[in-house]
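The sequence shown maps to residues 425 to 615 in our numbering.
Glycine included, C-beta positions come from ideal geometry on N, C-alpha and C.
These figures come from a predicted structure and were not determined experimentally.
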Amino acid sequence: MARIVLVSGSLRRHSVNSAALATIRSILDRREGEFRTWEIKVADLPHYNEDLDVGPGPAEVRAARELLIASDAAIISTPSYNGAMTGALKNALDWLSRPWKASSLSGKPVALLTASPGTYGGADAQPDTRRVLERCGAVLVDHARVAIGNAELLVGHEGTITEPSVVAELEGLVDATVAAVRGHRRVPVAA
Ligand SMILES: Cc1cc2nc3c(=O)[nH]c(=O)nc-3n(C[C@H](O)[C@H](O)[C@H](O)COP(=O)(O)O)c2cc1C
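What follows is the structure in structure tokens.
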């Protein structure tokens, strides 16, 4: 069984990034073999504060860290806010990257996509987001860039995207994530 954590960088009720992740969830639900999906809600986490990051830390943070550690991979979808990931997502990554040398993201395969109502699909947020994820110890899943433009026009009544070309892109991202999980599991554990 592969356990995949989904993380949307947006807090918006009708977020196109959350819709992209809902689409990925439905793709995984249809797949042969067992996938379990969970969600980390970045809105549940307090503002990062080193004074709070002692011992087990805040309950919401502990839950998010434990969920990520127990998962095989994460898929993150974020809007671009001024050319970078949202502050809420960066805040979540800061929590997840600690304690120092024990990041919950360490060695974790992470696939990244962006979406926006604009033409470029938030692609300008991807370089910085990748850099930060690598700094947190994540292993970025190798896949064709997914940046869903004009996304608001693509979300149907059920809150998912049905446009075949976009669904095909998301299928490719899911394939790459599953391959990364399988490859990851083959890596022998150091003695
Ligand atoms: C503070 C702020 C900054 C933004 N900066 C950018 C930007 O640099 N590039 C871009 O493509 N869209 C930008 N946008 C538009 C967002 O992509 C848009 O609000 C989008 O809907 C957010 O995704 P969501 O539907 O998942 O919430 C910005 C929006 C906000 C609120």
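- request: Express the C-alpha separation of Met509 and Ala603 in angstroms, rounding to a whole number.
  value: 26 Å
- prompt: Where does Trp519 land, buried or exposed, given buried means 16+ other C-beta within 10 angstroms?
  reply: Burial check for Trp519: the Cβ neighbour count within 10 Å reaches 16 or more, so the residue is buried.
Residues near Leu469 in its chain [Cβ-Cβ closer than 7 Å; skip 5 each side]: Glu484, Val485, Ala488, Asn515, Ala516, Trp519
- prompt: Hey, how far is the Cα of Arg460 from the Cα of Leu476?
  reply: 31 Å
query: Any heavy atom of ligand 1 closer than 7 Å to the Cβ of Asp548?
result: yes
- request: With a threshold of 16 other CB atoms inside 10 Å of the CB of Glu593, please say whether the residue is buried or exposed.
  value: buried
- request: Output yes or no for whether 8 Å exceeds the beta carbon distance between Ala549 and Ser521.
  value: no
Nearest-angstrom beta carbon gap, Ile464 and Leu491 [assumed within contact, 8 Å]: 6 Å
task: Give the secondary structure of Ala645 by DSSP, where H, G and I count as helix, E and B as strand, and everything else as coil.
output: Past the edges of the chain, shown from 425 to 615, lies residue 645, and the structure says nothing about it.
- prompt: Cβ of Pro503 within 7 Å of any heavy atom in ligand 3?
  reply: Because ligand 3 does not appear in the structure shown, any question about it cannot be addressed here, the ligands present being ligand 1.
Unbroken stretches of the alpha helix (DSSP H), 4 residues or longer, contained in the stretch 485-531: If we require 4 residues or more, the alpha helix (DSSP H) runs fully inside the stretch 485-531 come out as 511-520.
- request: Note down the Cα distance separating Thr601 from Ile500, rounded to an integer number of angstroms.
  value: The alpha-carbon atoms of Thr601 and Ile500 are separated by roughly 11 Å.
N- and C-terminal bounds of the beta strand (DSSP E) containing Ile464: 459-465
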